[in-house]
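**Q** I have a structure here, written as structure tokens, and I will follow up with some questions on it.
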Amino acid sequence: MALNTARRAGLVDQVIEQLRSSVADGEWPVGHRIPNETDLVEALGVGRNTVREAVRALAHAGLFEVRQGDGTYVRATSEVSGALRRLCSDELRDVLQVRRGLEVEGARLAATNRTGDDIATLRRLLDGRDNEQRAGHHDEFVHADTEFHCAVMRASGNAMLLDLYLGLIEVITASVSVMNETPVETEFEDHHRLLDRIVAGDPGGAAAAAAVLFDRLLAELPS
Numbered sequence: 102m103a104l105n106t107a108r109r110a111g112l113v114d115q116v117i118e119q120l121r122s123s124v125a126d127g128e129w130p131v132g133h134r135i136p137n138e139t140d141l142v143e144a145l146g147v148g149r150n151t152v153r154e155a156v157r158a159l160a161h162a163g164l165f166e167v168r169q170g171d172g173t174y175v176r177a178t179s180e181v182s183g184a185l186r187r188l189c190s191d192e193l194r195d196v197l198q199v200r201r202g203l204e205v206e207g208a209r210l211a212a213t214n215r216t217g218d219d220i221a222t223l224r225r226l227l228d229g230r231d232n233e234q235r236a237g238h239h240d241e242f243v244h245a246d247t248e249f250h251c252a253v254m255r256a257s258g259n260a261m262l263l264d265l266y267l268g269l270i271e272v273i274t275a276s277v278s279v280m281n282e283t284p285v286e287t288e289f290e291d292h293h294r295l296l297d298r299i300v301a302g303d304p305g306g307a308a309a310a311a312a313v314l315f316d317r318l319l320a321e322l323p324s
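Remember, this note's numbering sits 101 above the position in the sequence shown when you count from 1.
What follows is the structure, given as structure tokens:
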């Protein structure tokens, strides 16, 4: 199992980090049953309550799933993906519908208010997003996609709209992560169409492009 012995203060945090590392490093893949409590106590050199609290914290974060009478299993590779994996399809639909509402208006305003610097930033970020998508780098793609959409909202020139969007950034990032596991075929073209309409200064076209993008995502969800 190759876990280091945890010492000194903050034992729970240390154990959480070591358990998280076992998942991130691929030692414990998704679906793997982690060692039982007794084995973890012996391997880590800490008390039973410390292990129990650490496992409980990671289960709450969505990384682990505790199955009564069976054991604890790895549910996701990060807390971000785990958070949204806990959502049912109806709740994910709610997230995408909220994003649609904010981003359609953000795109409309961006087409009117974008500056030369905004356009340069959007082009750079979309190029980066394209590169990560082609390379198949999931985590980097999620970051690049989120950055592009944030830049659209920033280009809107509406500070309150941007604040609302950034206040939801964790669940937005999680939604990108989950949806990227089964990407929509047309989403590459959808994003470029959105940028084209913003650059062209076409508010109606930009709003329509954002609406189409999210309508396609919503159509992919189980009914």
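The beta-carbon is built from N, C-alpha and C at its ideal position, and this holds for glycine as well.
Nearest-angstrom Cα distance between D291 and L197?
**A** 16 Å
**Q** Give the C-beta separation of V152 and V167 to the nearest angstrom, bearing in mind that I take them to be a contact with Cβ-Cβ under 8 Å.
**A** Between V167 and V152 the Cβ distance is about 13 Å, and since that is not below 8 Å, they are no contact.
**Q** Using beta-carbon positions only, say whether L226 and N259 come within less than 8 Å of one another.
**A** no
**Q** Let me confirm a value: A311 is counted as buried when at least 16 other C-beta atoms fall within 10 Å, else exposed. Which label applies?
**A** buried
**Q** Between the Cα of S304 and the Cα atoms of Q119, V279, A212 and E128, which residue gives the shortest distance?
**A** It is worth fixing the name first, because residue 304 is Pro in this sequence and not Ser. Minimum Cα distance to P304 is reached at A212.
**Q** Nearest to G111 by alpha carbon, out of V147, Y266 and Y174?
**A** Residue V147 is the option with its Cα nearest to G111.
**Q** Under 7 Å Cβ to Cβ from A308, same chain only, skipping five residues before and after it: list those, please.
**A** Once the five neighbours on either side are set aside, the close Cβ partners of A308 are V205, A208 and R209.
**Q** Spatial neighbours of L223 within its chain, please: CB distance less than 6 Å, with the 5 preceding and 5 following residues excluded, ordered by chain position.
**A** A252 and L296
**Q** H133 to G170, Cα distance in whole Å?
**A** 16 Å
**Q** Measure the CB-CB distance between L164 and V113 and report whether it falls below 8 Å.
**A** Result no, Cβ atoms of L164 and V113 do not sit closer than 8 Å.
**Q** What does T327 pair with, by DSSP beta-bridge criteria?
**A** Only positions 102 to 324 of the chain appear in this structure, which leaves residue 327 out of reach.
**Q** Given this structure, state the Cα-to-Cα distance separating F249 from D218, to the nearest angstrom.
**A** Within the model, the alpha-carbon separation for F249 versus D218 is close to 14 Å.
**Q** Rounding to the nearest angstrom, what Cα-Cα distance links P136 and A158 in this structure?
**A** Straight-line Cα distance between these residues: approximately 16 Å.
**Q** Beta carbon of L193, beta carbon of A155: below 8 Å?
**A** no
**Q** Determine, using beta carbons only, whether D246 and V277 come nearer to each other than 8 Å.
**A** It is a contact, given that the beta carbons lie within the stated cut-off.
**Q** Can you look up R255 in the DSSP assignment and give me helix, strand or coil?
**A** helix
**Q** Helix, strand or coil: which one does DSSP assign to R317?
**A** helix
**Q** So, helix, strand or coil for R215, using DSSP?
**A** Looking at R215 - three-state DSSP - the assignment turns out to be coil, as it is neither helix nor strand.
**Q** Looking only at C-alpha atoms, which of A177, A144 and N150 sits nearest to A160?
**A** A177
**Q** Please classify T173 as buried or exposed, where buried requires at least 16 other C-beta atoms within 10 Å of its C-beta.
**A** buried
**Q** What separation, rounded to the nearest whole angstrom, lies between the Cα atoms of V131 and V175?
**A** When rounded, the distance between both Cα atoms is 5 Å.
**Q** L203 and L262 - do their beta-carbons sit closer together than 8 Å?
**A** yes
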